[in-house]
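Q: Going down the list, the protein sequences come from chains A and B. Mapping of the first sequence onto this note's numbering: residues 645 to 881, in sequence order. Mapping of the second sequence onto this note's numbering: residues 645 to 881, in sequence order.
Number of protein chains: 2
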Amino acid sequence: MKLLILGQGNVGTHLYTAFTAKHVDCTLHSSREGLDNLPAADCILYAVRDDALEQVAAQVHTDRRVLHLHTSGTMPLTVFGDDKPHAGVFYPLQSFSKSRPIEDYSSIPVFFEARSIDDVSAIYSLALMITSHVYEVSQQDREQLHLCGVLVNNFPNLMFRIAEDIARRIHVPFSTLLPLIDETAAKVHQLSPCEAQTGPAKRGDQNVMNRHLQLLQDPQIQELYRLCSTLIQKLPS
Amino acid sequence: MKLLILGQGNVGTHLYTAFTAKHVDCTLHSSREGLDNLPAADCILYAVRDDALEQVAAQVHTDRRVLHLHTSGTMPLTVFGDDKPHAGVFYPLQSFSKSRPIEDYSSIPVFFEARSIDDVSAIYSLALMITSHVYEVSQQDREQLHLCGVLVNNFPNLMFRIAEDIARRIHVPFSTLLPLIDETAAKVHQLSPCEAQTGPAKRGDQNVMNRHLQLLQDPQIQELYRLCSTLIQKLPS
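So, in structure tokens, the structure goes:
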């Protein structure tokens, strides 16, 4: 099968690397130009920004047999018009950065959706080329997974930024926090997040929490500390 | 040097493992009984709960030459009375769980404080037995580091708990989130947390953020989502 990836951003570049490593006949193409003269392909993977997806798809005219798949965690399948009966979603749940190579794509889960049941096996086979973790999910569940991605990646990274700022102010290198950051991730391979929870909020140590609130100067970061501590105590354990 | 570790909890157990692996003459002893009849030691490491520390230390009577060190991120050095002229703090910044072995103690930073300048080299040497990352910090800076620990460990783990709950509701195993959790930690070894920040808040994608707020049902978790998103956009990049 001939695969064409549209979009040379973080997702497109990484998917291109993953598929070519598995000897899939794959072309990486800009989503910004030459859409009226695309190389022939059996499947087109759209790796473009959510807000550009519908417009890019509308400019792509192919044989009706071509399979069109977007890679967004949030956009519906209906961004593909009726001229594309074979359409679906191919959503890899990972944080891709061009500047950071991924060593092992095979552990990354791919969540897919198909417009027609006839396309399920084709999409499934495509995903299995790069990973052994393939799940068919509905639009709504994919949105929930995208939300999970925000929770386990974007928000922890925000905490790292706040901590980096504190470390900088006391002239301690951010790298001293890395073993703890690594252990935080490693722990939940073995313990449930609930079992892995430690710290002053978990212990109900109000003295320490009050002291930390004094140390934080930004009112919104103080509020974040309060809210996280409240939730750590409130969530069922 | 003979080392006595008081407290058989997570910290005491792990420090005992780390020091014995380096062939330090080390004894692990309960902090709850037999404090009036402790084995002889050159240095006593107190690995006890913050709220028990002062009381435990008061019950320990030794030769005045013995070095007394506590392991708390928040308690001051003054929990040790005048009968202990050689006193200090030995704070390893890591999240220890008895049920999880640590493979490599040598990357864990130890932050120390000494009552007298005469004890600095002894504490430094002791820490160097198990790690190559040893820093002398003030009480106030140690509290800031403890706060950093809460930010990079306790709060990300809270996010994992919220995500686990969502994944459970849509019948997707939590393990599908682990590659993203691992990559979140791995990324900041190479990129600064600021450079590593991605997601709808970073992109200013209000549609996605509104949709995520709809999906979250708990008002406090919605507030957490709003606050994190605001801070991601507000913090200097």
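Just so it is clear, CB atoms sit at the ideal spot from N, CA and C, and this is done for glycine as well. Note that this is a predicted model, so its numbers are computed, not measured.
#1: Examine chain A for any beta-carbon lying closer than 9 Å to the beta-carbon of T661(B), and answer yes or no.
#2: Contact between the segment 809 to 819 of chain B and the segment 739 to 747 of chain A is defined here as three or more beta-carbon pairs at a separation below 8 Å; is this criterion met?
#3: Would you kindly work out how many angstroms separate the C-alpha atoms of H833(A) and E827(B), rounded to a whole number?
#4: Within a Cβ cutoff of 8 Å, which residues of the same chain sit near Q866(A), ignoring the five residues on either side of it in sequence?
#5: Do you know how far the Cα of G848(B) is from the Cα of L679(A)?
#6: Does the contact criterion of 3 or more C-beta pairs under 8 Å hold for the segment 648 to 659 of chain B versus the segment 690 to 702 of chain B?
#7: Taking buried to mean at least 16 other C-beta atoms within 10 Å of its own C-beta, is H705(B) buried or exposed?
#8: Report all residues from its chain with a CB closer than 6 Å to the CB of A758(B); omit the five preceding and five following residues, and keep chain order.
#9: With which residues is Y779(B) paired in a DSSP beta bridge?
#10: If you draw a straight line from the C-alpha of P736(A) to the C-alpha of M719(A), how long is it?
#11: Who are the near neighbours of C838(A) in its chain, counting only those whose CB is closer than 6 Å to its CB and skipping five residues on each side?
#12: Could you name the residues of chain C that Q834(A) contacts, counting a contact when the two beta carbons are closer than 7 Å?
#13: Measuring straight from C-alpha to C-alpha, what distance separates E893(B) and G717(B)?
#14: Please work out which residues of its chain come closer than 7 Å, Cβ to Cβ, to A771(B), disregarding the five sequence neighbours upstream and downstream, and give them in chain order.
#15: Is there a Cβ of chain B sitting closer than 9 Å to that of V852(A), yes or no?
#16: Using a Cβ cut-off of 9 Å (strictly closer), state whether V796(A) contacts chain B.
#17: In this structure, does DSSP put G732(A) in helix, strand or coil?
#18: If the cut is a Cβ gap below 8 Å, which residues of chain A does G678(B) touch?
#19: On the three-state DSSP scale, how would you describe R744(A)?
#20: Which stretch, first to last residue, makes up the beta strand (DSSP E) that contains L795(B)?
#21: Whole angstroms are fine: how far does the CA of K666(B) sit from the CA of Q703(B)?
#22: Taking the alpha helix (DSSP H) that Y690(A) falls in, what are its first and last residues?
#23: For V816(A), go through chain B and note every residue whose CB falls closer than 9 Å to its CB, in chain order.
#24: From D686(B) to L875(B), what distance separates their C-alpha atoms?
#25: Kindly list the residues whose CB is nearer than 8 Å to the CB of N681(B), restricted to its own chain and excluding five residues on each side of it in sequence; keep chain order.
#26: Please list, in chain order, the chain A residues whose beta carbon lies closer than 9 Å to that of E698(B).
#27: With DSSP as the reference, label D886(B) as helix, strand or coil.
#28: Quick check: the Cα distance between Q783(A) and D726(A), rounded to an integer number of angstroms?
#29: Which word fits P800(A), buried or exposed, when buried means at least 16 other C-beta atoms lie within 10 angstroms of its C-beta?
#30: Closest Cβ-Cβ distance between T718(B) and chain A: below 9 Å?
#31: By alpha-carbon positions, which one of A701(B), A696(B), M773(B), V700(B) ends up nearest to T661(B)?
#32: Who are the near neighbours of A701(A) in its chain, counting only those whose CB is closer than 8 Å to its CB and skipping five residues on each side?
#33: Could you pull out every residue in the same chain whose Cβ sits closer than 6 Å to the Cβ of S674(A), ignoring the five residues on either side in sequence?
#34: With DSSP collapsed to three states, give me the class of I814(B).
#35: Taking any Cβ of chain B, which residues in the segment 799 to 830 of chain A have a Cβ under 7 Å from it, in chain order?
#36: Determine the closest residue to N854(A) out of S873(A), V668(A), D762(A), Q699(A), with distance taken between C-alpha atoms.
A: Quick look at the numbers:
#1: Not an interface residue.
#2: Judged by pairs of C-beta atoms under 8 Å, the segment 809 to 819 of chain B does not touch the segment 739 to 747 of chain A, as fewer than three such pairs exist.
#3: Here the C-alpha atom of H833(A) lies approximately 13 Å from the C-alpha atom of E827(B).
#4: L857, L860.
#5: Near 27 Å, if we compare the C-alpha coordinates of G848(B) and L679(A).
#6: Flag = yes, the segment 648 to 659 of chain B and the segment 690 to 702 of chain B touch.
#7: Exposed is the label assigned to H705(B), since fewer than 16 other Cβ atoms lie within 10 Å of its Cβ.
#8: The answer, listed in chain order, is G732, V764, I767.
#9: DSSP, once it has assigned bridges, lists F755(B) as partnering Y779(B).
#10: In a straight line, the C-alpha of P736(A) is about 14 Å away from that of M719(A).
#11: These residues qualify, in order along the chain: S881.
#12: The displayed structure is made up of protein chains A and B, and chain C is not among them.
#13: Residue 893(B) falls outside the range modelled here, since chain B spans only 645 to 881, and no answer is possible.
#14: F734, V754, F756, V778.
#15: Taking Cβ atoms only, chain B reaches closer than 9 Å to V852(A), which makes this a yes.
#16: Yes, V796(A) counts as interfacial toward chain B.
#17: Of the three classes helix, strand and coil, the one that applies to G732(A) here is strand, per DSSP.
#18: Around G678(B), no beta-carbon contact reaches into chain A at under 8 Å, the shortest distance being about 25 Å.
#19: The answer is strand: DSSP assigns R744(A) an E or B state.
#20: First-last for L795(B): undefined, no H or E at that position.
#21: For the pair Q703(B) and K666(B), the Cα-to-Cα distance works out to about 29 Å.
#22: Here Y690(A) belongs to no alpha helix (DSSP H); instead the beta strand (DSSP E) covers 687 to 690.
#23: What V816(A) touches in chain B: P753, F755, Y779, V781, D785, Q788, L789, C792.
#24: Cα-Cα distance, rounded: 49 Å.
#25: The beta carbon of N681(B) lies closer than 8 Å to none in the same chain, with the five residues before and after it left out.
#26: In chain order: nothing, as chain A lies at least about 12 Å away.
#27: This structure leaves residue 886(B) out entirely; chain B is present only between 645 and 881.
#28: The alpha-carbon atoms of Q783(A) and D726(A) are separated by roughly 18 Å.
#29: When all chains shown are included, P800(A) counts as buried.
#30: Among the residues facing chain A, T718(B) is included, as its CB has a counterpart in that chain under 9 Å away.
#31: Ranking A701(B), A696(B), M773(B), V700(B) by Cα distance to T661(B) puts M773(B) first.
#32: So the list reads Y690, H712, H714, V723, F724, G725, K728, once near-sequence residues are dropped.
#33: Non-local C-beta neighbours of S674(A) in its own chain, meaning closer than 6 Å and more than five positions away in sequence, comprise Q652, ordered along the chain.
#34: I814(B) falls in the coil class under three-state DSSP.
#35: Flagged, chain order: F799, P800, N801, L802, M803, F804, R805, I806, A807, E808, I810, A811, I814, V816, T820, L821, L822, P823, L824, I825, D826, E827, T828, A829.
#36: Ranking S873(A), V668(A), D762(A), Q699(A) by Cα distance to N854(A) puts S873(A) first.
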